[in-house]
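Inspection log for the structure reproduced underneath, given as structure tokens.
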Amino acid sequence: ADGRGWQDFAEYWSEQYPGHSALEVYVEQLAWYDHEVQKDPYVLGWALFTAGPLGPQWQSYDVTDQLRYIAWEILVPQAR
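Mind the numbering: the sequence shown is residues 613 to 692 in this note's numbering, read in order.
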């Protein structure tokens with residue numbers, strides 16, 4: 613199967629980053645991206661795809677259950 617959403621890469625990431633969950637690896641990528649886009653004054657914001665998928669084809673992208681963790685890892689450190 614083709615890799616689509618972040619959940620499709622869980623097995624690969626567990627092999628490449630032993631001791632880290634797929635969610636940890638994904639959030640690290642998001643944090644890196646967030647840091648990079650903040651360097652560009654033209655970028656006003658960005659959004660995750662997707663929370664609350666409306667069809668099975670989007671299920672591997674779903675971050676609904678991880679939103680609190682993602683916010684805690686990316687947004688909270690910036691507020692300090």
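C-beta: ideal position from N, C-alpha, C; glycine also.
Item	Value
As assigned by DSSP and simplified to three states, the class of residue 652	coil
Three-state secondary structure assigned by DSSP to residue 621	helix
Own chain residues within Cβ distance below 6 Å of residue 622, not counting five before or after	634
Contact the segment 625-633 vs the segment 641-656: 3+ CB pairs below 8 Å	no
Inter-residue Cα distance where the pair is residue 629 and residue 637	8 Å
Collapsed DSSP secondary structure at residue 689 in the structure displayed	helix
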